[in-house]
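What follows is a single structure, written as structure tokens, with notes after it.
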Amino acid sequence: MKKCFYCLIWLLSIFYVVGCARSPAYKQDQNYYKGDNQAYYGGAGGKSPTHRIESMGQPKKRVMVLNFWNDTPIKQGDIGLFAADELKRRIHQTQRLIIPADLKTEFGTQDFVHGDKVKVAQLIREGRRMGVAVLVIGRITKIVFRQRGDEVGLLRQKQSLAAVDVEIKLFDVSGGREIMAAGKSGESSSNTMVAFESNNLESKEYRAELTKLAVRNAVGMLVPDVIKAVEKMSWSGHVAKIVGQKVYVNAGKVSGLISGDILKVLSPGDDIYDPATGAYLGRSE
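Take the sequence shown: its letter number 26 is residue 26 in our numbering, and every next letter is one higher.
In structure tokens:
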């Protein structure tokens with residue numbers, strides 16, 4: 001009898017350990033993310049013929065993504081940073097835009113938002129300081145976490161679900177205007193077998209893991225819209241130096257410039273503001 005009892009306890013302990021471990025889907029996703037992160041801004045790697053020819057258009061534009069603003073009551077540490085890094089990673093994978101690895105800023109999305117309005121003038125100034133063509137700000141507007149499953153029995157099947165709403169806005173630094181606004185919802189789930197009552201499924205760490213997976217799914221759906229909006233813009237750079245008849249610009253092979261390309265040089269122009277509201281309208285040529 002004792003032997004059978006010990007066997008039962010041993011089996012239950014196995015189920016408990018398995019049930020409280022992270023889901024295989026999460027581990028697989030995290031391993032994929034970490035592996036890709038090693039070459040986050042690395043070389044282009046191999047391209048398919050269609051991808052290579054498709055990228056032979058105008059030069060690539062430099063894009064800066066600011067840390068997202070977690071505008072929800074659920075504060076989960078670095079979720080805003082995670083969302084921004086995920087968008088950078090997905091954009092970099094397309095090899096159609098440039099995410100500068102050397103650019104740093106102490107500002108995030110929240111620093112350029114007041115109520116429902118974006119501080120466009122300040123945002124554009126920061127973009128010019130960094131020398132990028134496009135600035136991206138983002139906001140996490142909603143985080144939901146739910147659980148469902150069996151309420152009775154020694155071994156219980158539990159399903160945990162997380163969902164998020166993510167919004168982004170893109171700004172043309174040269175034109176001083178918003179060029180895109182979009183929002184997507186993402187979700188994630190994990191099925192778990194637990195023994196007795198498990199507090200592990202209620203932990204902040206477990207919820208944060210599922211939330212990040214949901215954020216990753218939402219951000220992934222935004223990337224095609226971002227690429228399409230940015231590639232509609234005309235490429236522009238800055239004259240770095242003029243020596244005789246030679247003009248040096250702050251772009252090169254990485255941007256997609258080819259020897260023989262003809263570039264139009266314009267004067268810097270002046271900032272134009274609305275006299276009634278003081279809103280930034282753009283720049284004269």
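C-beta: ideal position from N, C-alpha, C; glycine also.
All of these numbers come straight from a predicted model, not from anything done at the bench.
Simplified DSSP state of residue i, which is helix, strand or coil
| i | result |
| --- | --- |
| Asp274 | coil |
| Tyr33 | Here Tyr33 scores only 46 on pLDDT, less than 50, and its place in the model should not be relied on; the value that follows carries that caveat. Helix. |
| Thr94 | helix |
| Gln110 | helix |
| Leu135 | strand |
| Gln38 | Low local confidence applies: a pLDDT of 39 at Gln38 is under 50, so the model's placement there is unreliable, and no value is given. |
| Asp102 | coil |
| Gly186 | strand |
| Ile179 | strand |
Range of the contiguous alpha helix (DSSP H) that encloses residue i
| i | result |
| --- | --- |
| Val230 | 204–231 |
| Ala121 | 120–130 |
Delimiting residues of the beta strand (DSSP E) encompassing residue i
| i | result |
| --- | --- |
| Tyr60 | According to the sequence displayed, residue 60 carries Lys and not Tyr. First-last for Lys60: undefined, no H or E at that position. |
| Lys241 | 239–243 |
| Val173 | Neither: Val173 is in no beta strand (DSSP E) and is coded neither H nor E. |
| Lys246 | 246–249 |
Beta-carbon gap between residue i and residue j smaller than 8 Å
| i | j | result |
| --- | --- | --- |
| Ser185 | Ser160 | no |
| Val134 | Val63 | yes |
| Ile232 | Phe82 | Correcting the residue identity first, residue 232 is Lys in this sequence and not Ile. No; because the gap between Cβ atoms is not below 8 Å, this pair is not in contact. |
| Phe145 | Ala121 | no |
| Phe171 | Gly127 | yes |
Residue i burial status per 10 Å Cβ neighbour count (16 or more: buried)
| i | result |
| --- | --- |
| Ile124 | buried |
| Pro275 | exposed |
| Ser174 | buried |
| Phe107 | exposed |
| Val243 | exposed |
| Ile272 | exposed |
| Arg129 | exposed |
CB-CB length for residue i against residue j, believed under 8 Å
| i | j | result |
| --- | --- | --- |
| Val239 | Val230 | Incorrect: roughly 22 Å between the Cβ atoms, too far for contact. |
| Ile137 | Ile74 | That belief does not hold up - the Cβ atoms of Ile137 and Ile74 are roughly 20 Å apart, past 8 Å. |
| Phe68 | Thr94 | Going by Cβ atoms, the distance from Phe68 to Thr94 rounds to 20 Å, so no, they are not a contact pair. |
| Ile168 | Leu222 | 6 Å |
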